[in-house]
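What follows is a set of notes on a single structure, which appears directly below.
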Amino acid sequence: MEKGKKNWLVTTLLIVGTLLVLLPLYLTITISLKTPEEMSGSLLSLPNEWRFQNFVDAVQVTDFFGALLNSTLVTVFVVLFTLLSNSLVAYAIARNMHKRFYKFLFYYFVSAMFVPFPIIMLPIVKQTAIWNIDNPIGLILLYVVYGLAFNVFIYVGYIKSIPKELEEAAIMDGASTWKVFWKVIFPLLTPMNATVGILTCLWAWNDFMLPLVILSDPDFATLPLVQYIFQTEFSTNYNLAFASYLMALAPMILVYVIAQKWIISGVMKGSIK
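For the sequence shown, counting from 1, position 50 maps to 391 in the working numbering; every step adds exactly one.
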């Protein structure tokens, strides 16, 4: 009987959690398809007239495709450089944790997870302006560097579980340290690479604060940044705003739905090992 009560409690919590996630998504879809006149009625009602013109208007107002290109380029390069660089850093630390310097380096990176971004925001803005990297290049570099803290933490735990005998066998065959990493270790990191890659993709695509304070040229604006126009110039046009939000959100929803199994499997394997 007690077991049944626990199951009902868990089921109820899951239902409530599902509704909390699906309700905002439902409202976003329905509002984006309504006319301004229908906004005076119930928010939960379906549109009487399915106004797809809202999406066309939102594209024109926000220069959607230009921002889409900016977001895509930034996200692709951030994911690529993150996987290549962060895994290398983690490998060097994981295989040298017995040395004081590398142990200090590991805790130094991990401690960065506890530093709030607003504390370092102004110095970062000033520094990027001085170095003339207040553009997508600087934005990509900052994402890669800021991802080190969390990524090194999960990479190191996973790499330490990989038997060193595999590397020793490759070295006996004449492989260099560089070749050992790319030919032996990196392929074994596939589950963790998938997890890091997907989480980094979601972060770089959806982030608003860093592009807001770094990018000085409006032509470089990413998708989350161009949505800010609806908080100022078009603050009362909810239909266009929600249509724009939905278009910006749709690519990452697809990515997450398709790739969520790799996120879960990667996290589980990292925690078990």
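Glycine included, C-beta positions come from ideal geometry on N, C-alpha and C.
Note that the coordinates shown come from a computational prediction; the quantities given were computed from them, not determined experimentally.
For residue 441, the uninterrupted alpha helix (DSSP H) run begins and ends at 441 to 452, by DSSP.
Under the three-pair Cβ rule at 8 Å, the region 491 to 501 counts as touching the region 432 to 447.
Around the Cβ of residue 348, a 10 Å sphere holds fewer than 16 other Cβ atoms; the residue is exposed. Note on the region 473 to 552: whole alpha helix (DSSP H) runs with a minimum of 4 residues are 477 to 487, 489 to 500, 505 to 513, 518 to 521 and 531 to 547, in chain order. Put simply, the region 515 to 527 does not touch the region 447 to 455. Fewer than three CB pairs are less than 8 Å apart. Counting along the chain, the unbroken alpha helix (DSSP H) around residue 462 starts and ends at 458 to 471. In this structure, 396 is the residue among 396, 363, 378 and 357 with its C-alpha nearest to the C-alpha of residue 588. Collapsing the DSSP output to three states places residue 428 in a helix. The Cβ-Cβ distance between residue 493 and residue 537 does not fall below 8 Å.
Under the three-pair Cβ rule at 8 Å, the region 393 to 413 does not count as touching the region 463 to 476. Taking 8 Å as the cut-off, the Cβ atoms of residue 413 and residue 567 do not count as close. Taking 8 Å as the cut-off, the Cβ atoms of residue 539 and residue 483 do not count as close.
Note on geometry: alpha-carbon atoms of residue 393 and residue 467 lie some 43 Å from one another. Taking residue 384 as the centre and dropping the five residues before and after it, the same chain places the C-beta of 368, 371 and 372 closer than 8 Å to its C-beta, in chain order.
Taking a 10 Å sphere around the C-beta of residue 583, we find 16 or more other C-beta atoms and assign the residue as buried. With 16 or more neighbouring CB atoms inside 10 Å of its own CB, residue 545 falls in the buried class. Counting along the chain, residue 396 sits inside the alpha helix (DSSP H) bounded by residues 394 to 403. Distance between residue 560 and residue 359, taken at the CA atoms: about 38 Å.
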